[in-house]
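Residue numbers (my numbering): 1 to 318.
What follows is the structure, encoded as structure tokens:
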């Protein structure tokens with residue numbers, strides 16, 4: 001049968017990361033080329049720059065609890081995104097090596113029927129990738145337009161409270177800063193979304209390999225039994241090695257994500273009690289809460305799926 005292309009399953013994810021400067025061409029790490037320059041400028045301009053201006057504003061409003069909460073709940077998430085990007089870029093070579101490992105013959109399905117064993121998991125990941133956009137896009141859209149919708153734009157209110165070394169209350173600085181903030185938050189959110197879904201995809205790939213191994217063991221026949229059994233044992237060791245490398249790639253990111261998400265959700269709930277339920281800001285926070293909950297769900301669901309598949313393999317052996 002034709003070689004199964006695992007990267008084709010996550011093609012949309014890879015294309016998005018490439019546009020964001022988070023996926024160098026081929027199986028290589030960042031090199032001294034134009035793409036690396038593009039990645040350096042875009043990541044620092046739209047993520048680190050935005051986070052710096054927001055963080056600086058904390059020193060000007062720390063005596064106002066309501067204003068401080070409004071800044072911190074989003075700043076924490078943005079700072080985590082910077083940390084995610086840092087580890088993502090730092091471990092890019094390791095990530096590309098994982099993609100190369102998936103292309104090995106041992107990780108390929110043996111026949112066409114075997115693809116049906118793991119395709120449900122792959123299709124669910126594709127479904128999740130699309131569904132994850134549903135709370136994220138409305139959240140970003142509401143943040144983009146709510147100063148215009150509630151009329152505060154006429155008072156030169158920006159989508160996010162931040163400090164800038166110039167007066168944002170005059171034109172054209174207000175309009176330029178407004179557009180800059182919108183570009184930053186869209187860039188940052190899409191980068192986070194695609195990094196999250198790629199980590200979920202790695203878990204999904206581990207689960208798919210467990211499905212293939214379980215099917216191979218279940219269909220062992222007396223002819224060449226010893227050879228096939230040894231191959232299954234080798235495949236098992238490779239899966240363990242692959243899973244361990246995946247954990248090394250994203251373990252710190254996932255730990256930070258759970259801590260930050262829990263804190264952010266608590267601050268967001270507090271923020272919801274301070275604003276009018278019918279305001280556009282209320283709905284934007286509601287969408288934001290849904291996005292954060294979905295983000296946690298991704299890690300929990302796909303991580304649990306791996307545990308279930310490993311457990312099923314153990315029971316099959318018994």
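By construction, the Cβ of each residue, glycine as well, lies at the ideal position given by its N, Cα and C atoms. Owing to the predicted nature of the structure, the values given are computational and were not obtained by experimental measurement.
query                                                                                              : result
Contact under 8 Å by Cβ, residue 188 with residue 50                                               : yes
Terminal residues of the alpha helix (DSSP H) in which residue 101 lies                            : 92 to 102
Residue from 242, 181, 254 whose Cα sits closest to the Cα of residue 52                           : 181
Residues near residue 161 in its chain [Cβ-Cβ closer than 6 Å; skip 5 each side]                   : 57, 71
Opening and closing residue of the alpha helix (DSSP H) in which residue 108 lies                  : From DSSP, residue 108 is part of no alpha helix (DSSP H); its letter is neither H nor E.
Cutoff 6 Å; reference residue 239; Cβ partners in own chain excluding five residues on either side : 209
Inside the region 1 to 45 only - alpha helix (DSSP H) runs reaching at least 4 residues            : 6 to 9, 11 to 19, 34 to 43
Environment of residue 194 [buried if 16+ CB atoms lie within 10 Å]                                : buried
Buried or exposed by the 16-neighbour rule on C-beta atoms within 10 Å, applied to residue 304     : exposed
Residue of 249, 122, 259 minimising C-alpha distance to residue 6                                  : 122
Integer Cβ distance of residue 297 from residue 135, believed to fall under 8 Å                    : Residue 297 to residue 135, Cβ: 11 Å. No contact.
Extent of the continuous alpha helix (DSSP H) run through residue 147                              : 133 to 149
8 Å Cβ cutoff met for residue 192 and residue 84                                                   : yes
Same chain only: Cβ atoms within 8 Å of residue 280, ignoring 5 sequence neighbours per side       : 142, 145, 146, 149, 150
Minimum length 4: unbroken alpha helix (DSSP H) runs contained in the region 193 to 281            : 225 to 272
Three-state secondary structure assigned by DSSP to residue 167                                    : coil
Rounded Cβ spacing between residue 260 and residue 76 (contact assumed at less than 8 Å)           : 6 Å
Cutoff 6 Å; reference residue 39; Cβ partners in own chain excluding five residues on either side  : 21
Cβ-Cβ distance between residue 117 and residue 30 below 8 Å                                        : no
Enclosing alpha helix (DSSP H) for residue 53 [first to last residue]                              : 49 to 61
Distance between beta carbons of residue 190 and residue 16, contact taken as under 8 Å            : 7 Å
Interface flag, residue 5 vs chain D, CB-CB below 8 Å                                              : Note that chain D does not occur in the displayed structure, where there is just one protein chain.
Three-state secondary structure (DSSP) of residue 64                                               : coil
Residue 269 burial status per 10 Å Cβ neighbour count (16 or more: buried)                         : exposed
Contact set for residue 207: own chain, Cβ-Cβ below 7 Å, skip 5 residues either direction          : 121, 305, 306, 309
C-beta contact flag for residue 3 and residue 114 at 8 Å                                           : no
Cα-Cα separation between residue 37 and residue 100, rounded to whole angstroms                    : 25 Å
Under the three-state DSSP convention, the category residue 283 falls into                         : helix
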